[in-house]
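Chains as they are written, first to last, in my numbering: chain H, 1 to 260; chain W, 1 to 260.
Ideal placement from N, C-alpha and C gives every residue a C-beta, glycine not left out.
Here the structure is laid out as structure tokens; the discussion comes afterwards.
What follows is the structure in structure tokens.
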């Protein structure tokens with residue numbers, strides 16, 4: 001990789017925080033968060049920033065994604081010890097990110113900007129193929145390949161909207177300090193050309209929450225569980241975790257992050 | 001995997017040859033041909049047939065594909081020592097091929113049917129993204145991401161149609177016994193929504209031939225070579241090989257095989 005920094009793009013010795021929007025194909029990464037020995041999105045961004053600026057640069061993502069989950073609109077910040085035009089920075093980043101991470105947008109934010117505090121809401125989308133098995137899409141849609149009653153799916157998903165106790169539908173472990181309550185603002189479902197789309201909006205989620213919700217809704221659509229059972233798992237704080245598997249990561253996209 | 005063979009689907013002890021059409025995502029395989037220690041399409045099919053029938057079953061493909069090249073319509077034959085309904089066989093195969101290889105069709109052919117001799121023509125398609133870089137399609141289109149003159153592309157591709165000496169545009173090595181002459185019946189090009197499609201039809205190809213042809217046509221479109229230079233490489237039998245890289249495997253699809 002060439003180092004494209006030159007004196008014209010670096011204007012002043014003034015620390016600046018940049019906010020970068022990216023898209024990435026999650027099937028090429030072991031999730032967002034840095035992990036030794038694994039190719040992760042954060043790790044890859046770190047590696048490329050190090051190649052460009054010749055120093056270690058920490059980044060703060062607005063969200064994490066699990067292994068196999070796609071980022072259609074992820075956003076992160078990082079600080080540089082100098083100021084440069086965000087558009088120049090964008091050009092430099094674009095020259096280095098040429099494969100499975102796409103630089104969508106670069107802006108300047110206030111120094112010490114804490115991106116997680118500025119998230120107004122996140123929108124996730126989940127794609128389900130209800131048509132014939134598509135061997136080219138196993139990383140991009142859940143290959144469900146049978147009809148699903150939209151009416152039943154909507155009934156089950158409705159149970160999860162609003163503020164709920166999501167411990168039993170999450171990857172949280174006993175004794176985990178993380179708050180298991182979350183408020184889901186909206187869930188929408190539609191079908192087009194053999195692909196079902198589920199949209200879930202909330203300010204924040206706990207680990208695996210969306211995949212457990214979608215798994216449970218699909219289970220209800222196939223009469224594997226009743227609405228009452230789902231309700232019990234959602235309310236009973238001492239109860240066992242939801243007993244069926246969460247939906248696969250391959251259909252899930254972090255679709256949009258709206259910041260304040 | 002469950003073994004779904006039962007007495008109702010196996011009718012008679014009569015050797016039968018089956019012809020199976022499949023599609024596969026080439027980005028998940030190290031090509032078609034069996035190779036020790038690598039996941040290949042042929043190897044995967046062998047493994048699954050062994051799991052179903054509990055014996056080693058050799059298969060004959062109508063074509064090979066390189067690592068990363070997709071099979072949208074590949075076809076192979078194999079013999080079983082008994083007869084069963086092709087539709088029953090299809091159901092059994094479908095139950096075992098549930099990921100990146102899709103069973104499209106199963107028919108019965110004459111015993112000792114040599115599929116390579118029955119190929120009337122093969123159609124390959126090559127997809128090029130001339131729009132913005134798409135991180136979700138790096139395995140499915142060439143991410144060219146700049147405008148290409150269709151007129152120039154057509155001019156260069158026209159040079160390759162008809163019967164030509166393709167050694168200099170192939171992966172053949174010196175002293176290779178393989179005939180370097182091939183007849184290309186047709187090359188067509190069109191563009192739709194930022195995606196360029198190149199269709200190449202011939203009875204057979206030598207290794208890397210299509211990728212070299214497309215590489216050279218793109219080189220001409222960018223004024224890296226002249227039509228005369230391409231012509232020289234196509235005619236001069238003692239000349240060096242075409243000096244620029246072949247086009248990436250990621251955009252290439254074995255799109256159709258028409259049998260006699």
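Worksheet entry | Range of the contiguous beta strand (DSSP E) that encloses residue 162 of chain W | 162-165
Practice prompt. For residue 128 of chain W, decide whether its Cβ has a neighbour in chain H, counting only Cβ atoms nearer than 8 Å.
Written response: no
Worksheet item: Could you give the uninterrupted runs of the alpha helix (DSSP H) lying entirely in the segment 156-233 of chain W, keeping only those of 4 residues or more?
Response: 209-221
Discussion item. Let's see if you can read the secondary structure: which residues bound the beta strand (DSSP E) around residue 71 of chain H?
Written reply: 70-80
Discussion item. Please state the DSSP three-state secondary structure of residue 31 of chain H.
Written reply: coil
Discussion item. If contacts are defined as beta-carbon pairs under 8 Å, then residue 169 of chain H and residue 242 of chain H qualify, I think. What distance do you get, rounded to the angstrom?
Written reply: 5 Å
Item to complete: Might you give, ordered along the chain, the residues of its own chain that have their beta carbon closer than 6 Å to the beta carbon of residue 187 of chain W, omitting 5 neighbours on each side?
Response: 157, 161, 200
Worksheet item: In angstroms, rounded to a whole number, what distance separates the CA positions of residue 2 of chain W and residue 147 of chain W?
Response: Low confidence applies to residue 2 of chain W: its pLDDT is 48, below 50, so where it sits in the model is not reliable, and the reading given next is rough at best. Looking at the two C-alpha atoms, the distance is approximately 51 Å.
Worksheet item: What number of angstroms, rounded off, separates the C-alpha of residue 149 of chain W from the C-alpha of residue 194 of chain W?
Response: 13 Å
Discussion item. Which residue wins for smallest C-alpha separation from residue 93 of chain H, given the options H/51, H/207, H/62, H/196?
Written reply: H/51
Practice prompt. Closer than 6 Å by C-beta to residue 179 of chain W: which residues in its own chain qualify, once you throw out the five before and the five after it? Chain order, please.
Written response: none
Fill in: Candidates W/246, W/38, W/142, W/77, of which the one nearest residue 112 of chain W by Cα
W/77
Worksheet item: What are the residues of the segment 27-50 of chain W that lie near chain H, defined by any Cβ-Cβ distance shorter than 7 Å?
Response: none
Item to complete: Assign residue 105 of chain H to one of three DSSP states: helix, strand, or coil.
Response: strand
Item to complete: State yes or no: is the C-beta of residue 277 of chain H within less than 8 Å of the C-beta of residue 23 of chain H?
Response: Summary: the structure shown does not reach residue 277 of chain H, with chain H confined to residues 1 through 260, and so no result is reported for it.
Practice prompt. Starting from the Cα of residue 202 of chain H, find the closest Cα among H/236, H/247, H/256, H/144 and give me that residue.
Written response: H/256
Worksheet item: Are the CB atoms of residue 139 of chain H and residue 63 of chain H nearer to each other than 8 Å?
Response: no
Worksheet item: Grouping DSSP H, G and I as helix and E and B as strand, with all else coil, what is residue 265 of chain H?
Response: Residue numbering for chain H in the displayed model covers 1 to 260; residue 265 of chain H lies beyond these limits and cannot be assessed.
Worksheet item: What residues match up with residue 129 of chain H in a beta bridge as DSSP calls it?
Response: H/143, H/195
Worksheet item: Could one say the Cβ of residue 255 of chain H lies closer than 8 Å to chain W's Cβ atoms, at least one of them?
Response: no
Fill in: Distance CB(residue 122 of chain W)-CB(residue 254 of chain W) smaller than 8 Å
yes
Fill in: Residue interval of the alpha helix (DSSP H) (run including residue 90 of chain H)
86-96
Fill in: Beta-carbon neighbours of residue 124 of chain W, restricted to chain A and to distances below 7 Å
Given the protein chain composition of this structure (H and W), no chain A is represented.
Worksheet item: In whole angstroms, what separates the C-alpha of residue 331 of chain H from that of residue 69 of chain H?
Response: For chain H, the structure presents residues 1 to 260; residue 331 of chain H sits outside this window and is missing.
Discussion item. I need the boundaries of the beta strand (DSSP E) containing residue 22 of chain W, first residue and last residue.
Written reply: 16-24
Worksheet entry | Assigned secondary structure, residue 99 of chain W (DSSP; H/G/I helix, E/B strand, else coil) | coil
Discussion item. For residue 256 of chain H, report the span of its beta strand (DSSP E) as first-last.
Written reply: 252-259
Discussion item. By alpha-carbon positions, which one of W/125, W/105, W/32, W/259 ends up nearest to residue 196 of chain W?
Written reply: W/125
Practice prompt. For residue 260 of chain H, count neighbouring Cβ atoms within 10 angstroms of its own Cβ and tell me buried if that reaches 16, exposed if not.
Written response: exposed
Fill in: Partners in chain H for residue 21 of chain W, counting only beta-carbon separations shorter than 8 Å
Neighbours of residue 21 of chain W on chain H: none; closest Cβ ~13 Å, over 8 Å.
Practice prompt. Would you identify the three-state DSSP class for residue 123 of chain H, choosing helix, strand or coil?
Written response: strand
Practice prompt. Could you name the residues of chain H that residue 102 of chain W contacts, counting a contact when the two beta carbons are closer than 7 Å?
Written response: 133, 135
Worksheet item: Name the residues in the segment 80-100 of chain H whose C-beta lies less than 9 Å from a C-beta of chain W; which are they?
Response: 94, 97, 98, 99, 100
Worksheet item: Closest by CA to residue 164 of chain W, which one among W/182, W/55, W/220?
Response: W/182
Discussion item. Check whether chain H comes within 8 Å of residue 25 of chain W, counting only Cβ atoms and requiring the distance to be less than that.
Written reply: yes
Worksheet item: Who pairs with residue 60 of chain W in a beta bridge, going by DSSP?
Response: W/77
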